[in-house]
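Asker:
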Amino acid sequence: MEADKKQGNEYLIRQMQIDDLADVFHLGEKLFTLREYPTLYRTWDEYEVIGFYTGDPEFCLVAETGGSLAGFLLGSIVDKRNSPRKYGYLVWFGIDEKFQGSGVAELLFDGFKKIMQGEGVHILLVDTAADNDRALSFFRARGFSSPRDHVYLTLNLPGEVTKG
Ligand SMILES: CC(C)(COP(=O)(O)OP(=O)(O)OC[C@H]1O[C@@H](n2cnc3c(N)ncnc32)[C@H](O)[C@@H]1OP(=O)(O)O)[C@@H](O)C(=O)NCCC(=O)NCCS
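In this text, residue positions in the sequence shown follow numbering that gives the first Met the number 0: the first is 0, and each later residue adds one.
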């Protein structure tokens, strides 16, 4: 897709390929831990990566540097019934800690934005934990705001968890 150089690293931003799935999954395992993301209603697992790859491959990007995975972004398009607007949803976004702060997140995000514009998307959505200061700074610096506060509630139901 495009190669760019930020802070000494040259990054290639491209669509995720089948050979990337394991690396993306393992990087996500390091980043999206239950301790850090206790209230995520989505769970990071291999089905998540495979699901995006098979369902929306054109909205799944990776950043590569020196043959290694530096980060990834998995998104989709949400068509709401009775709404003329098309929404782009950035669902998973992760940068290897070694490459955080190097500008690669911006390259991935710009790539995603261009693809979404090409799809006729009007609004981009992203959600993250309220205390994820780094992610919130990143998105706010790129023009995201919270037009509506959304409160997420949970209720623990008594009883044993049955394994599926
Ligand atoms: C969120 C994430 C993708 C951003 O990538 P990154 O390389 O860290 O992003 P950048 O360094 O370019 O930008 C982070 C911004 O937060 C600021 N920042 C850095 N540390 C911060 C902190 N502790 N608190 C608040 N802001 C912080 C930076 O100055 C930067 O601001 P700027 O864009 O105005 O310059 C990456 O940190 C990550 O993978 N986090 C773990 C997974 C995650 O939370 N994903 C998002 C939800 S799906």
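Glycine included, C-beta positions come from ideal geometry on N, C-alpha and C. If you're wondering where the values come from, they're calculated on a predicted model, not measured in any experiment.
1) Cβ-heavy atom distance between Ser136 and ligand 1 below 6 angstroms?
2) Would you tell me roughly how many angstroms separate the C-alpha atoms of Ile114 and Leu152, rounded to the nearest one?
3) Are there any heavy atoms of ligand 1 lying less than 6 angstroms away from the beta-carbon of Asp132, as far as the coordinates show?
4) Once the 5 residues before and after Glu105 are set aside, which same chain residues still bring their CB inside 7 angstroms of it?
5) Give the DSSP-derived three-state secondary structure of Val120 in the structure shown.
6) Report the residue ranges of all beta strand (DSSP E) runs contained in full by the region 72 to 142; include only those spanning at least 3 residues, in chain order.
7) Report the partner residues of Ala21 according to the DSSP bridge assignment.
8) In chain order, what residues of the same chain have a beta carbon less than 8 angstroms from the beta carbon of Leu68, not counting five sequence neighbours either side?
Answerer: To lay it out plainly:
1) Within the sequence shown, the letter at position 137 stands for residue 136. Because some heavy atom of ligand 1 lies under 6 angstroms away, the Cβ of Ser136 counts as near it: yes.
2) Here the question's residue 114 lines up with position 115 in the sequence shown. Here the question's residue 152 lines up with position 153 in the sequence shown. If I take the Cα positions, the gap works out to 33 angstroms.
3) For the purposes of this step, residue 132 is identified with residue 133 of the sequence shown, where counting begins at 1. Checking the Cβ of Asp132 against ligand 1 gives yes.
4) The residue given as residue 105 occupies position 106 in the sequence shown. Same-chain partners within the cutoff: there are none.
5) For the purposes of this step, residue 120 is taken as residue 121 along the sequence shown, with counting starting at 1. Reduced to three states, the DSSP call for Val120 is coil.
6) 85 to 94, 122 to 125
7) Numbered from its first residue, the sequence shown carries residue 21 at position 22. Note: Ala21 sits in no beta bridge, so no partner.
8) Here residue 68 is taken as the residue at index 69 of the sequence shown, counted from 1. The residues are Asp19, Asp22, Val23, Leu26, Val61, Ala62, Asp95.
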